[in-house]
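Counting from 1, position 795 in the sequence shown corresponds to residue 1055 in the numbering used here; the numbering is continuous, with no gaps.
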Amino acid sequence: MAFVKDMLRMWAHSWKRFISIAMITLLGVAVLTGIYAGCRDAFRSTDRFFDAQGLHDVQVLSTAGLSNGDIAALRKVNGVAKVQAERSQEVTFDLDGRKSATMQEIGTNGIDQPYLQEGRMPKKAGEIAVTRKFIRDSGKRIGSRLTVTPESASSDTSDTNDTNGADGTNETNGTDEAPSFPTKLTIVGVVLDPQNLSNPDGYSAMTSFRSTATTDYTFFAPSDGVTGTLYTSATLLVKGTAAESTFDESYENTVKQVTDRIDGTVKTDRQKARRQELLGAGNKKIVDARAEADKKFADAQSQIDANRQQFNQQVDQIVDMQASAAAAGAATNGANAGAAAAAGATTPQLDETTRETMRETIIAASPELTQAKQQLDQAQSQLNEQKASTEQTLKTKENELKTSIPQVRWYVQDRQSLGGFSALKSDLDSIQSLGNAFPIVFLLVAVMMSLTAMARMVEEDRSLIGTYVGLGYGRLAVASRYLLFALLACLIGGGLGLIAGFLGIPAFLLVVLQGMYVMPGLRLEYDWLYGSLGIALFVVGVLAATIYACVQEMRQTPASLLRPKAPRAGSRILLERIRPVWNRMGFLSKVTARNIFRFKSRLIMTVGGVAGCTALIVCGLAINDTVADLGIKQYRDIYQYDLMVVSDDSDASAMRTKVASDGRVTSSLDVRIESGDLTVAGSGDGDSGKAGSSGSESIQLVAVPEKHLSDLGEMVTLQPVSSGILGTSGVGKTGSLKLDDDGVIVAQSAASALGVKAGSKVRLTNGDGVQATAKVSAVNRNLIGSDVYVSETYYAKLFDSKDAKNTKNSKSSEDSEALTWNAMLAKLSGSDTSQTDYAESLEEDSSVMKAVSCAHMADSFKFDLMGAVVALIVALAGGLALVVLFTLANTNVSERVREMATLKVLGFFDREVHHYVNREMMILTVMGVILGLPLGRLVGGMLTMALNMPSLYFEVEVKPLSYVIAAVATMAFALLVQLFVNPVLDRIDPISSLKSVE
């Protein structure tokens, strides 16, 4: 019992150490669990929401629309649970100017169901549900009416609807009609689109680079009142995905199996079948047109023939009358009156030549007959010309049909293609990466401080330990006094850390997240396993340090422990050997220098602890600086062009004409842009990036005309980069990189994520879904987006199929046609505002699919969540610095009580004692800051490897102000600690402190 009472008394006496260890553990556990818990809660709530609303796993789009045959083919794919055919239409309306919206049919198969926030769901024709963003922008409310106008090209299939033919797959002979929605609308509800969780009422309106919306708003309408048999998309649910988290790799693998099956079995066949349907429909229209023309021409010819026959009859009558009259006159002059009578009774027979001569004579003698004959001849001539012209036109249509109907393209996309989903996932993934990296530093600092505190605690009880051991107490029993002390401090601190980690920090993160996204059903959850392991990690670390401190003392004999510890042998420090400096130092300065450098363990612990905390602050500020400069570096420095315009292949010429006619372009480069994929398969042979590396990245494939390869450097800054150690990268000279026909240039953001380097072999997928193995000639500096540049010649070499190569000399080969330059990179005149306005005006043109202003992208790029988390990490790092400095200062004072008492006896005033002690701490703090500043930059470089995100590369940037803030903050914490330490120095009693320890 006496042993236990003494132990409790010792614990009460060491309450400052107890608080220090508990606080360090609290901060460490809070960082370890808090960021993880916040991200996990957000992941789980959104996953539940997606499952409840039936967010599609796969979406299939087609440039020619989808028919019932396409839907039937998708239903047969192995692994598909549900298929929902969807119809939509783009409309415009007046809302402080022309605004666009997508009329979206609410599916009847339970996929992509909007979440009702207010009012009711639409049921009748003309009723719609709108998003809160529209309510906010328009000022309308439930019950308001709205009139919309369908776009002239309201769907991607509008250009092909006129030639859509019979759907041979479902054996119907009708034509497919584009979707059409009612135009007189009434708002009956406010909903949340599960495909876009961005919060319109929050501080982030998702105006960053990841916003992919093609229209301003989305209106949801019931099937009632919607017409059209052509579908704009098909959404699929995959079997087994509902039981998996949409953010886990297992979910992605399950979905990828189905998308691979669609790409491998359905996509190619249905693309060809759909084009054949369009060609058949076009041919049928030509045949029908020819038949109709032939019928009209036959009717016209019949009419002309009838008129000519009537004309000829009239002329023949005159000919007969003249012939009869001539015959009668000849008979009268004769002698036989009977013969005359006979001749008058019968028309004389004329040969054809005579008759034709008489016709021509009669017609020529009569102006009326002459005019009638000319009209008949003119009508026949016009009819013949019309026949020839129509036949020529139809033959031209037949020849042009194959080229006028473009190749049908399917786009098979998963949830990653949804801008709202990918933005949320990348935000949470990046924060989770930080949550995995920073606790390591907290753990190391906690172990260091625990070792310092517990070593001093054991050393203070040296004689008491010797007494207990001499009385027969086991070393384990004696050590348990300190082990239980450390364990209790860890458990209390860890318990409070769990409260902060699973309640406080997640609540803060979720408040920030809810300012960016709407996440219905969000709740805080506790993870018993992760929380227990988090405490156990710090318990093991602190107990290991405590055991080490106990072993160092208890391995001595009781007799040695009962005697005072021999003072450290005097020795010269290096500074003493520098005589010019040493001789000019004052007495107290020499004492301070000896105290700092002679006690190596205290020097290492203090400098290391301060350096670690400073490094954390610098690292947090470095991430903030890096994210803040991403947009400027990418859209001001790397992209030299001001505008990128993309059109559909059929509108490429019209788009270029439109841009050229506006007179805003100073220089331009025509390119072809396609959405594709870059895949690296782990091989371990070094040819595919890192050994054993694997993965896939969505890319923007940019093909450059062969004659203008050198012009690419004027539009994009080409700088080769090479990977360095600890996340750093070497950047080559600007302009030293050239695009050629030997390989592709891959963006650094994609190369870093997949481990690709110059000389690697990668697998590229182009916009048609054709795959090819390509050589990476270089990696280009790029921070946002994943661009892959390829020359026209190398593109043709990669993606020409075998059939195309075998028919290279055949003009009927469609695959060997020249590339269509569907995009333009341009430099503009005018201010940033005018350039942004011009890009917005271009998007209203029917020939433009997308217009992007670099000035707008540079100004609007935001990463709000990262900034909030960085602020949280900097605050926690500052708290850790304060605890570390407090622990080291108290340990320093407890070690030197007799020294401080001696100074007081010698006549030092309290302020002089404060200065004597605090000067050493300030010097050690400055040394820690000096070491921590570059260390923080180094840790920031390491985090670029941990923060691999889709289409992003974090090029570490630390502004001078950040270094100043980190240094000033650490020094301020040191001064704050002095306010707590000075009263302790004042309470030192010289008499009791100088008593012999014998």
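Each residue gets a CB set at the ideal place from its N, CA and C atoms; glycine is no exception.
Could you check which residue in the options has the C-alpha nearest to that of residue i?
i, options, result
"SER1107", "ALA1083, PHE310, ASP911", "ASP911"
"TYR1176", "ALA920, ALA1128, ARG854, LYS1122", "ARG854"
"ASP902", "THR1025, GLU934, LYS383, CYS1114", "CYS1114"
"ASP689", "VAL1129, SER1154, ALA1232", "VAL1129"
"LEU643", "SER562, GLN577, VAL1228, GLY730", "SER562"
"LEU225", "GLY732, LYS685, VAL799", "Limits of the chain in this structure are 261 at one end and 1258 at the other, which puts residue 225 out of reach."
"GLU719", "SER404, GLU411, SER820, MET1202", "SER820"
"LEU803", "TYR375, GLY781, LEU743", "LEU743"
"VAL1186", "LEU1245, VAL800, ILE856, PHE557", "ILE856"
"THR1025", "GLN1008, VAL981, ILE959", "ILE959"
"ILE665", "SER831, THR285, ALA324", "ALA324"
"VAL981", "GLN1238, TYR1213, ALA624, ALA1086", "TYR1213"
"LYS527", "GLN635, GLU437, ALA333", "ALA333"
"VAL1157", "ASN884, GLY1167, SER1252", "SER1252"
If you draw a straight line from the alpha carbon of residue i to that of residue j, how long is it in whole angstroms?
i, j, result
"TYR1098", "PHE702", "51 Å"
"LYS276", "GLN377", "53 Å"
"LYS544", "ASP908", "26 Å"
"LYS860", "GLY1196", "23 Å"
"LEU965", "VAL906", "The amino acid at residue 965 is misidentified as Leu; the sequence shows Pro. Near 16 Å, if we compare the C-alpha coordinates of VAL906 and PRO965."
"ASP889", "MET1117", "12 Å"
"PHE1240", "ARG1171", "14 Å"
"SER245", "VAL1218", "This structure does not reach residue 245, given that the chain is present from 261 up to 1258, and the question cannot be answered."
"CYS299", "THR506", "14 Å"
"MET270", "PRO699", "31 Å"
"ALA683", "ASN456", "10 Å"
"ASP1028", "GLU1215", "33 Å"
"LEU1198", "SER1222", "14 Å"
"ARG837", "GLY288", "43 Å"
"ARG783", "LEU496", "29 Å"
Taking buried to mean at least 16 other C-beta atoms within 10 Å of its own C-beta, is residue i buried or exposed?
i, result
"MET261", "exposed"
"GLU537", "buried"
"MET581", "exposed"
"ASN459", "buried"
"PRO1243", "exposed"
"ALA202", "Residue 202 is absent from the structure shown; the chain starts at 261 and stops at 1258."
"GLY949", "With a pLDDT of only 44 at GLY949, under 50, the local geometry of the prediction cannot be trusted, and no value is derived from it."
"SER921", "exposed"
"ASP317", "buried"
"ILE864", "exposed"
"LYS393", "buried"
Would residue i and residue j qualify as a contact pair, given that the criterion is a beta-carbon distance under 8 Å?
i, j, result
"VAL962", "ASP1060", "no"
"ASP872", "VAL705", "It should be pointed out that residue 872 corresponds to Gly in this sequence rather than to Asp. Result yes, Cβ atoms of GLY872 and VAL705 sit closer than 8 Å."
"THR362", "SER348", "yes"
"GLY1192", "VAL878", "yes"
"GLY314", "GLN373", "yes"
"LYS444", "THR407", "yes"
"ILE395", "ALA481", "no"
"PRO824", "VAL729", "no"
"ALA1083", "VAL931", "yes"
"LEU972", "LEU938", "no"
"ILE447", "GLY403", "yes"
"ALA1161", "ILE1225", "no"
"GLY1003", "SER970", "no"
"GLN1095", "LEU1088", "yes"
Can you tell me which residues form a DSSP beta bridge with residue i?
i, result
"TRP1259", "Nothing can be reported for residue 1259: it is not among the residues displayed for the chain, which extend from 261 to 1258."
"LYS662", "BP columns for LYS662 are empty, so no partner."
"PRO410", "VAL351"
"VAL1006", "VAL1039, VAL1048"
"THR1033", "ARG1023"
"LYS359", "PHE353"
"MET391", "Reading off the sequence, residue 391 comes out as Thr, not Met. DSSP output for THR391 lists VAL451 as bridge partner(s)."
"ALA438", "ALA438 pairs with nothing; no bridge assigned."
"ARG932", "ALA963"
"ARG405", "THR446"
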